[in-house]
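Add 14 to the 1-based position in the sequence shown for the working numbering, that's all there is to it.
Even for Gly, the Cβ is constructed at its ideal location relative to N, Cα and C.
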Amino acid sequence: MEKTLTLQVNGEAVQLCAEPQTPLLYILRNDLALNGPKYGCGLGECGACTVIVDGRATRSCVFPVVGAVGRTVTTLEGLGSRNCPDPVQQAFITEQAAQCGYCLNGMIMTIKALLLRDPNPSDEQLRSELSANLCRCGTHVEIMRAALRAAGRPAAPHGDSPCR
Ligand code: FES
Ligand code: FES
15 MEKTLTLQVN GEAVQLCAEP QTPLLYILRN DLALNGPKYG CGLGECGACT
65 VIVDGRATRS CVFPVVGAVG RTVTTLEGLG SRNCPDPVQQ AFITEQAAQC
115 GYCLNGMIMT IKALLLRDPN PSDEQLRSEL SANLCRCGTH VEIMRAALRA
165 AGRPAAPHGD SPCR
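Right, here's the structure in full:
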């Protein structure tokens, strides 16, 4: 049965009617037109749908909307804008870390959440955090370069891969 729920999304209070167990991803994309988070596997396994809930990277395809009530939700749209991107977004632009770009929402939101709780993560932490985010295009080297840049340590020159 549908209920009236109030969410805090990207700094704004949003009221909507929804079945409480509806995946948060569906609400964000279909009801709120926030299309940063992507539908990939729908099983919590690829990371494409990642948003930040109360500071933690959260797979919104398997997170019921009712679980977001009373918490703060941040989507890719809440990080920055085209004219003023978040530093993590800018790192991905600078490193040109995309082919199709489908995975990038998850990569960016995962790194952002890590940096929120640890502004100076080690290379190993960055790798470990991203290890469960899948990229079908094989852009991992560039993504790792962007992650290092976002953490304030621009990667080694091309040809000296930080992924080795
Ligand atoms: S779509 Fe959510 S983890 Fe794959
Ligand atoms: S850039 Fe295409 S899935 Fe990662």
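- Every residue whose beta carbon comes nearer than 7 Å to a heavy atom of ligand 1 appears here in chain order: Leu39, Lys52, Tyr53, Gly54, Cys55, Gly56, Leu57, Gly58, Glu59, Cys60, Gly61, Ala62, Cys63, Arg73, Ser74, Cys75, Val76.
- For Val155, the enclosing alpha helix (DSSP H) stretches over residues 154-164.
- Within the chosen limit of 7 Å, ligand 2 reaches the beta carbon of Ala112 through at least one heavy atom.
- Put simply, the backbone Cα of Asn49 is about 9 Å away from that of Leu90.
- When the beta-carbon positions are compared, Thr86 and Gln22 come within less than 8 Å of each other.
- Here Met15 is exposed. Its C-beta has fewer than 16 other C-beta atoms within 10 Å.
- Taken in chain order, the unbroken stretches of beta strand (DSSP E) that lie wholly in the stretch 44-124 and span 3 residues or more are 64-67, 70-73, 86-88.
- The alpha-carbon separation between Val67 and Cys151 amounts to approximately 27 Å.
- Counting along the chain, the unbroken alpha helix (DSSP H) around Leu144 starts and ends at 137-144.
- The alpha-carbon of Thr18 is positioned some 23 Å away from that of Gly92.
- Secondary structure note for Glu26: its beta strand (DSSP E) is the uninterrupted segment 26-32.
- In this model, Leu57 and Thr36 are separated by some 14 Å (Cα to Cα).
- Relative to Leu144, the option among Val76, Glu59, Cys75 whose CA is nearest is Glu59.
- Following the DSSP letters along the chain, one finds Thr20 inside the beta strand (DSSP E) bounded by residues 17-23.
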